[in-house]
Amino acid sequence: KVKVRVHRYPDGDMAVFHGPRLLASYDSTGKLKKSQAPAGMQPQAG
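Note that my numbering has the sequence shown beginning at 34, numbered continuously upward.
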């Protein structure tokens, strides 16, 4: 088991965190927001 935190912002958006890491962000309608992966995590063209 792991503990996560869910933040709800005044504009209705929500975010899920595991420690300091942002796992997912959702807009006020519940739609997943696209986030950009850190530079080391982006797939490389090959």
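Using N, Cα and C, we set each Cβ at its ideal position, and we do this for glycine too.
Local conformation of residue i per DSSP, three classes
i: Ser61; result: coil
i: Val35; result: coil
Residue closest to residue i, alpha-carbon to alpha-carbon, out of the options
i: Ser61; options: His51, Gly45, Arg41; result: Gly45
i: Ala57; options: Gly63, Lys64, Val49; result: Val49
Distance between beta carbons of residue j and residue i, contact taken as under 8 Å
i: Met47; j: Arg41; result: 5 Å
Residue i: CB within 8 Å of a non-hydrogen atom of the ligand FMN
i: Leu65; result: Ligands are entirely absent from the displayed structure, and the ligand FMN is therefore not among its contents.
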